[in-house]
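full-length UniProt numbering puts the first residue of the sequence shown at 1, with every later residue one more than the last.
One structure is given here, and the rest of the page talks about it.
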Amino acid sequence: MAAPRTVPRRVAGGRDAPYGRGMEITHLGHACLLVEVAGQRVLVDPGTFSQLDGLVDLTAVVVTHQHPDHWDPRRGPRLLAENPDARVLVEPQTAELLAREGHGRRAERMESGGTVELGALRLTPVGDRHAVIHPYVDRIDNRGVVLAADGEPTLFHPGDALDADPGPVDLLAVPVNAPWGKVSETVEFVRRVAPALGVVPIHDGLLNDTGRGMYLQHVQAFGAEGGVEVLDLRGEGPTTVGRR
1 MAAPRTVPRR
11 VAGGRDAPYG
21 RGMEITHLGH
31 ACLLVEVAGQ
41 RVLVDPGTFS
51 QLDGLVDLTA
61 VVVTHQHPDH
71 WDPRRGPRLL
81 AENPDARVLV
91 EPQTAELLAR
101 EGHGRRAERM
111 ESGGTVELGA
121 LRLTPVGDRH
131 AVIHPYVDRI
141 DNRGVVLAAD
151 GEPTLFHPGD
161 ALDADPGPVD
171 LLAVPVNAPW
181 GKVSETVEFV
191 RRVAPALGVV
201 PIHDGLLNDT
211 GRGMYLQHVQ
221 AFGAEGGVEV
231 LDLRGEGPTT
241 VGRR
């Protein structure tokens with residue numbers, strides 16, 4: 001297999017993207033992405049594997065489900081305290097968890113089919129349940145999110161599920177490894193969603209470099225006929241992606 005194609009810092013789509021200024025994405029480890037677009041700063045899934053220091057001026061903190069690798073119960077409260085004006089948009093069961101932690105007043109429940117307006121940015125929750133881990137672990141709820149603004153790339157972050165239908169999107173944040181994951185299902189997920197610009201690997205905190213590269217090779221080579229673009233943002237810092 002060919003090595004995955006990666007996107008150097010701030011060149012994906014170019015700063016002269018014809019439809020807008022572009023979406024700036026920073027991979028902060030595992031499933032956590034900082035997405036800056038249309039004047040908004042949205043942090044998705046700040047979990048235990050993520051780099052959370054110094055994150056301020058956030059528009060919203062989004063949590064797709066309650067597992068600690070997506071919401072860090074130890075560092076999350078400090079993150080919220082340092083972002084007092086940020087909306088806290090969470091899957092409903094996670095809202096109950098935050099209420100027990102003393103943050104219930106800030107937690108807004110995300111329901112599939114609705115839309116949250118963040119200035120010019122639209123956040124649409126999609127999906128229902130977390131992927132099956134195995135029969136001996138109770139399933140919990142999960143809400144993926146689609147981030148869209150007129151003239152900018154559209155990003156789908158699925159949380160921990162591969163069955164939601166986000167509609168047409170430009171970028172797919174694809175979980176590459178998990179206790180519930182199977183590479184054949186990951187590849188079929190990428191093929192079904194068919195992102196126009198490519199995939200952003202996430203959910204990789206359990207992998208060493210060799211194993212991670214193997215997963216990315218499968219996604220890149222088989223995620224579409226002729227291959228799919230892999231925008232590997234790990235360690236790249238803020239990267240701007242523009243529509244083509």
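Yeah, the Cβ is synthetic: ideal placement off N, Cα and C, and Gly gets one too.
Closer than 7 Å by C-beta to residue i: which residues in its own chain qualify, once you throw out the five before and the five after it? Chain order, please.
i              : result
glycine 47     : His30, Ala31, Cys32, Pro68, Asp69, His70, Trp71 and Asp72
arginine 139   : Arg129, His130 and Val132
methionine 1   : In this prediction, methionine 1 has a pLDDT of 41, which is less than 50 and means its spatial position is unreliable; nothing more can be read from the coordinates.
tryptophan 180 : Ala131, Val132, Ile133 and Asp160
Taking the continuous beta strand (DSSP E) assigned at residue i, which residues delimit it?
i             : result
valine 121    : Checking the sequence, you will find leucine at residue 121 rather than valine. Where leucine 121 is concerned, the enclosing beta strand (DSSP E) stretches over 121 to 126.
glutamate 117 : 116 to 118
threonine 94  : Careful: threonine 94 lies outside any beta strand (DSSP E), inside the alpha helix (DSSP H) at 92 to 100.
Closest to residue i by C-alpha separation, out of the options, would be which residue?
i                 : options                           : result
methionine 23     : Ala149, His130, Gly181 and Pro195 : Ala149
proline 175       : Ala131, Gly237, Thr154 and Pro168 : Ala131
phenylalanine 189 : Leu206, Gly167, Gly205 and Asp209 : Gly167
glycine 227       : Gly159, Glu236, Arg234 and Leu216 : Leu216
leucine 98        : His134, Arg75, His27 and Val126   : Arg75
glutamine 93      : Asp160, Asp232, Asp165 and Asn142 : Asn142
leucine 80        : Val199, Ala38, Asp57 and Ile25    : Asp57
glutamate 36      : Val137, Leu121 and Gly181         : Leu121
Compute the distance between the beta-carbons of residue i and residue j, then report whether it is under 8 Å.
i             : j            : result
glutamate 152 : arginine 243 : yes
valine 219    : valine 187   : yes
threonine 59  : arginine 100 : no
glycine 113   : alanine 161  : no
proline 238   : threonine 64 : no
Contact defined as beta carbons within less than 8 Å: I believe residue i pairs with residue j. What is the distance between those atoms, to the nearest angstrom?
i           : j              : result
glycine 201 : valine 169     : The question names glycine, but residue 201 in the sequence shown is proline. Rounded, the Cβ-Cβ distance is 16 Å, inconsistent with contact.
leucine 155 : asparagine 177 : That pair is no contact at about 20 Å.
Can you find the residues in the same chain that come closer than 8 Å, C-beta to C-beta, to residue i, ignoring five residues on each side of it along the sequence?
i             : result
glycine 13    : In this predicted model, glycine 13 has a pLDDT of only 38, less than 50, meaning its place in the structure is not dependable; the value taken from the coordinates is given anyway. Here the set comprises Gly22, Pro153, Leu197, Thr240, Val241, Gly242, Arg243 and Arg244.
glutamate 225 : none
glycine 119   : Ala38, Gly39, Gln40 and Thr59
Under DSSP, the alpha helix (DSSP H) around residue i begins and ends at which residues?
i                 : result
leucine 80        : 76 to 81
proline 166       : Here proline 166 belongs to no alpha helix (DSSP H), and DSSP marks it neither H nor E.
phenylalanine 156 : Unbroken run through phenylalanine 156 is the beta strand (DSSP E), 155 to 157; no alpha helix (DSSP H).
Near residue i, what residues of its chain come up, given a Cβ to Cβ distance below 6 Å and the 5 sequence neighbours on each side ignored?
i             : result
threonine 124 : Thr115 and Val146
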